[in-house]
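According to numbering that gives the first Met the number 0, the residues represented by the sequence shown are 0 to 224, in order. Yeah, the Cβ is synthetic: ideal placement off N, Cα and C, and Gly gets one too. Report on one structure; see the data block that follows.
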Amino acid sequence: MTGQAQQVHFSRNGDGSVSYLSHAEKFIDLWRDIASSAGASSAGASDADSDSAPRVPAKADFSIRRLQPFLPSYYLAEWTDEGDLVNRLVGSALDDRLGSPHTGVSFLENYEGAQRRYFETFWKQLLDTPCGVMTGRTLHQGPDRKLRMVGTALPLTDAAGDVRYLCGTADIVRDFQEETGVKVGERRVYIDYVQYIDLGFGIPANRPDPAEFNALTDQMATAAE
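Right under this line is the structure:
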């Protein structure tokens with residue numbers, strides 16, 4: 000992967016290991032390439048300093064042609080004025096594996112209390128810094144199904160230049176039958192790892208703690224026994 004190295008902020012198993020797919024790396028390289036091209040176009044050939052400054056590309060810069068190799072697992076989400084993160088586009092492969100359509104659905108609707116506040120802070124920091132992230136999560140869906148999901152999230156601007164979108168790829172890397180202790184119609188989520196990506200603006204100084212999120216999930220599991 001080109002550009003700034005990533006910082007492993009959290010690993011659930013404690014050894015710093017992460018797991019992601021090669022096309023996620025390729026998508027990050029695409030983001031950097033589009034950001035660089037947009038910067039060169041806006042700066043002009045005579046302004047070398049501005050040309051080298053980091054930029055966040057616009058949503059409109061990502062054409063269907065450029066996105067074609069990633070579309071089945073691509074997603075686009077918008078941070079709304081109401082403080083919600085709403086999926087504006089979710090790839091068909093991801094919908095198929097999750098078992099329901101997610102375009103138009105709030106990412107935050109499945110979370111309550113401190114876990115919802117965790118994700119509100121987590122996603123908003125990527126827009127405010129701005130920076131990127133690679134993440135892994137384990138989803139317990141019903142009494143006998145676990146999904147391991149890995150993905151990346153990168154910021155985009157709207158037409159006015161405000162950073163309000165997140166885009167990336169998300170993939171189910173393992174789907175297996177195993178007793179979860181979760182009732183039918185319920186779900187639990189564990190964060191497996193968080194790896195921040197410096198896009199030239201740094202990474203957030205005050206990051207929410209995934210270990211605290213996972214501890215809440217454990218408490219939910221204990222209470223359900």
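**Prompt:** I think Tyr192 touches Arg11, with their Cβ atoms under 8 Å apart; what is that distance to the nearest whole Å?
**Reply:** 6 Å
**Message:** Please return the same chain residues whose Cβ sits closer than 6 Å to the Cβ of Arg147, not counting the five positions on each side in sequence.
**Reply:** Thr137, Val172, Arg173
**Prompt:** Within 10 angstroms of its Cβ, does Asn205 collect 16 or more other Cβ (buried), or is it exposed?
**Reply:** exposed
**Asked** Lys145: which of Ser91, Leu97, His101, Asn109 sits nearest, CA to CA?
**Response** Leu97
**Asked** Taking buried to mean at least 16 other C-beta atoms within 10 Å of its own C-beta, is Phe9 buried or exposed?
**Response** buried
**Request:** Excluding the 5 residues preceding and the 5 following Asn213 in the sequence, name in chain order all residues of the same chain whose CB lies nearer than 7 Å to its CB.
**Result:** Arg11, Tyr189, Ile190
**Message:** Considering just the uninterrupted stretch of the alpha helix (DSSP H) at Ile63, what are its terminal residues?
**Reply:** 63–66
**Message:** In whole angstroms, give me the CA-to-CA distance for Pro100 and Pro129.
**Reply:** 28 Å
**Item:** Option nearest Val89 by Cα separation, candidates Tyr73, Glu77, Leu155
**Value:** Tyr73
**Request:** Give the range of the alpha helix (DSSP H) segment to which Leu125 is assigned.
**Result:** 112–127
**Asked** Taking just the CA atoms, how far does Gln140 sit from Leu75?
**Response** 23 Å
**Request:** Within 10 angstroms of the Cβ of Asn86, are there 16 or more other Cβ atoms? Answer buried if so, exposed if not.
**Result:** buried
**Message:** Looking at the strands, I want to know which residues DSSP matches up with Gln140.
**Reply:** Arg186
**Request:** Throw me the rounded Cβ distance for the Pro274 and Phe121 pair, which I believe falls under 8 Å.
**Result:** No information on residue 274 is available, as it lies outside the stretch 0 to 224 that the chain covers here.
**Prompt:** Apart from the five residues just before and just after Glu77, which ones in its own chain have a Cβ nearer than 7 Å to its Cβ?
**Reply:** Val85, Arg87, Arg163, Tyr164
**Message:** Checking 8 Å against the spacing of the C-beta atoms, do Thr156 and Ile27 come in under that value?
**Reply:** no
**Own chain, CB closer than 7 Å to Thr79, minus 5 neighbours either side, in chain order** = Val85
**Request:** With Ala76 as the anchor, note down where its beta strand (DSSP E) starts and where it stops.
**Result:** 73–78
**Request:** Sort Ser62, Leu70, Arg186, Ala210 by Cα distance to Glu108 and report the nearest one.
**Result:** Arg186
**Asked** What number of angstroms, rounded off, separates the C-alpha of Phe175 from the C-alpha of Gly135?
**Response** 16 Å
**Prompt:** By DSSP, does Gln3 sit in helix, in strand, or in coil?
**Reply:** With a pLDDT of only 49 at Gln3, under the threshold of 50, the placement of this residue in the model should not be trusted; the figure read from the coordinates follows. In this structure, Gln3 counts as coil in the three-state DSSP scheme.
**Request:** Taking all protein chains shown into account, decide if Asp217 is buried (16 or more other Cβ within 10 angstroms of its Cβ) or exposed.
**Result:** exposed
**Request:** Using the Cα positions of Phe118 and Thr221, report the straight-line distance between them to the nearest angstrom.
**Result:** 22 Å
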